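Written below as C-alpha cells is the structure these notes are about.
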Ligand code: HEM
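Residue numbers (the numbering used here): -12 to 415.
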C-alpha cells in the first residue's frame, strides 16, 4: 500500500473516536520508519516509536528518557501538558506549590522510587490473591444487575450498565473507600475526562464549569479522607493510614502530594480497566470460536484476560524527554526532544507476536506492553488483571446469549482509547 507519511493522524481525539486505532499507520511506521519525527501544525512534535523492542529500549532507560520533562502526553502546540498547566482552582485556593509534580508519573528516580514504594506494597500478586474472592463477588453482583437491566429494557449500553462498575469498586475496596462513595466517584471521574452528564450539571453552567466543580468536589472529598486518616489513631482505611504516614525524603507527604497520589490511584485504573472489559466483551462476541473455547475451558480465563489486554491496549502512548543525544536505527534523538512510545503499535509487532491481528485467547507466550515497561511499569497491573479475570468469570455464562447491537461509539481521546458506549442485548 502507498502510504502518505505527511497526513496520517496519531494525535486528534476525533480520529480515535471516528476510526479507532490507526493500525495502517502503525504497521507502516514499524516496517518503514521505526524512528519517525511526527510534525503536524497543531501539536508539539515528537519522535514516534512503534516497535516492541524499541518501546522497551526507551522505557528501560529512565535515566536518559525522563518523565519529568515538559510533556507526558501528546499536547496541542503552545499548550502545557494536561496536568502541568498550573494548579486547578482547588489548589490555587489552598496555596499549593505550582511547581510540585502532580503525581508519580511526572517524577524520576530517586524520588519516583520512594513515592511509588509508599503504595506498591498493596498492589502485589499476593495482595491481589487475597482480594480475588471480593472482586469475584462484586463482579457477580454487577453481572446480575446487567442481566436485570437487559431483560427489562432490551438493548442496553454494556459500558454504563456493567463495565464501568468493577474498576471503581475494586480500587475503592483496595483503598478502603465506603461503597456508597463509589457511585459518586464515578460522576467525578467523568469530569476528569472533561465530560459531565446533563443530569449532573447545575442550571446555567457550561460543561467546563461543571467539570471544574466536580473536580473540586472530588479533591475536597480526598482532602477530607486525608484529614480523617491523619487524626491520632488513624481512620478506617488501613491503606490510607499507611499512605499518610509513609516517608519520602524522610518526611511524610503534604496535603497536596497526598491529594495528587489518591487522585492518581483512583483515576488511573478507572477508564483503562473499563475499556479493557468492554473491549474484551466486544472481541469475544466478534470471535465466537474464541468465546466457545473459553466457555468450554474455564482454565483459559487467565490467558484470555492477557490476550484482551494485548488486543485492546487501552493506553495509547506516553511521552518521555531525552536528557542526552541518543541514536537508534541510525537516527539521533537530540537532547531535549520528546519521544512517544506507542503501546498498541508494539502489541501488533509481527516480530514478537505470531499473527498479531489474530485474537487468540490461548496465546502463550504473550509479551504485551499494554502496562508499559521499566521504572513506571503500571502499578495497578496485578489489580487490573485480577479485575479482568473476575469480570470474565462472571460474564462467561452470559456471553453466549449476548449480542452486539449497532451504534457503538469510541472515546474521543488521544491518550486512552476504548468504547464510550457498547450497545448489546440478551437473546431469549
Ligand atoms: C487495563 C488497565 C490498565 C492499563 C492498560 C494501564 C496502563 C498503564 C500504563 C501504560 C502506564 C505507564 C507505564 C509506563 O510508563 O511504562 C501505567 C502507569 C500507572 N498505572 Fe496503570 N493501567 C491500568 C490499570 C491500572 C490500575 C487498576 C491502577 C490502580 C491503581 C493503575 C495505576 C497506575 C499508576 C499509579 C501508574 C504510574 C506508575 C508510575 O509512574 O510509576 N493502573 N498504567
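Here a beta-carbon is modelled for each residue, glycine too, at the ideal position from N, C-alpha and C. Being a predicted model, the structure only gives us computed values, none of them experimental.
Output the distance between the C-alpha atoms of residue i and residue j, rounded to the nearest integer angstrom.
{"i": "residue 141", "j": "residue 248", "result": "41 Å"}
{"i": "residue 43", "j": "residue 187", "result": "42 Å"}
{"i": "residue 3", "j": "residue -4", "result": "9 Å"}
{"i": "residue 143", "j": "residue 133", "result": "9 Å"}
{"i": "residue 51", "j": "residue 94", "result": "13 Å"}
{"i": "residue 265", "j": "residue 100", "result": "33 Å"}
{"i": "residue 87", "j": "residue 308", "result": "18 Å"}
{"i": "residue 290", "j": "residue 121", "result": "21 Å"}
{"i": "residue 63", "j": "residue 246", "result": "27 Å"}
{"i": "residue 185", "j": "residue 171", "result": "15 Å"}
{"i": "residue 74", "j": "residue 155", "result": "25 Å"}
{"i": "residue 201", "j": "residue 57", "result": "27 Å"}
{"i": "residue 5", "j": "residue 397", "result": "7 Å"}
{"i": "residue 410", "j": "residue 273", "result": "13 Å"}
{"i": "residue 33", "j": "residue 61", "result": "8 Å"}
{"i": "residue 260", "j": "residue 375", "result": "8 Å"}
How should residue i be labelled, buried or exposed, when 16 other C-beta atoms within 10 angstroms of its C-beta is the threshold for buried?
{"i": "residue 80", "result": "exposed"}
{"i": "residue 28", "result": "exposed"}
{"i": "residue 330", "result": "buried"}
{"i": "residue 152", "result": "buried"}
{"i": "residue 148", "result": "buried"}
{"i": "residue 299", "result": "buried"}
{"i": "residue 352", "result": "exposed"}
{"i": "residue 241", "result": "exposed"}
{"i": "residue 112", "result": "exposed"}
{"i": "residue 78", "result": "buried"}
{"i": "residue 269", "result": "buried"}
Can residue i be considered in contact with the ligand HEM, in the sense that its beta carbon sits closer than 7 Å to one or more heavy atoms?
{"i": "residue 118", "result": "no"}
{"i": "residue 330", "result": "yes"}
{"i": "residue 61", "result": "no"}
{"i": "residue 358", "result": "yes"}
{"i": "residue 255", "result": "yes"}
{"i": "residue 99", "result": "yes"}
{"i": "residue 55", "result": "no"}
{"i": "residue 89", "result": "no"}
{"i": "residue 364", "result": "yes"}
{"i": "residue 190", "result": "no"}
{"i": "residue 252", "result": "yes"}
{"i": "residue 33", "result": "no"}
{"i": "residue 260", "result": "yes"}
{"i": "residue -1", "result": "no"}
{"i": "residue 367", "result": "yes"}
Alpha carbons only, please: which of the options is nearest the one belonging to residue i?
{"i": "residue 321", "options": "9, 18, 22", "result": "22"}
{"i": "residue 231", "options": "196, 184, 102, 346", "result": "102"}
{"i": "residue 163", "options": "228, 115, 176", "result": "228"}
{"i": "residue 92", "options": "284, 244, 404, 313", "result": "244"}
{"i": "residue 361", "options": "-2, -7, 53", "result": "53"}
Step through the CB atoms of chain D and report whether any lies within less than 8 Å of the CB of residue i.
{"i": "residue 252", "result": "No chain D is part of this structure, which consists of one protein chain only."}
Cβ of residue i versus every heavy atom of the ligand NAP: is any distance shorter than 7 Å?
{"i": "residue 144", "result": "The ligand NAP is not part of this structure, which contains only the ligand HEM."}
Q) Along the chain, which unbroken stretches of the alpha helix (DSSP H) at least 4 residues long are found entirely within the region 190 to 219? A) 194 to 217
Q) Taking only runs of the alpha helix (DSSP H) that begin and end inside the region 135 to 165, which ones reach a length of at least 4 residues, in chain order? A) 152 to 162
Q: Would you mind listing the alpha helix (DSSP H) stretches within the region 224 to 248 that are 4+ residues and don't spill past its ends, in chain order?
A: 225 to 232
Q: Go through the region 31 to 112 residue by residue and report every complete run of the alpha helix (DSSP H) that reaches 4 residues or more, in order.
A: 39 to 46, 76 to 80, 98 to 107
Q: Can you check the region 328 to 388 for any alpha helix (DSSP H) of at least 4 residues that lies completely inside it and give the ranges in chain order?
A: For the region 328 to 388, whole alpha helix (DSSP H) runs of length 4 or above, ordered along the chain, are 330 to 333, 368 to 382.
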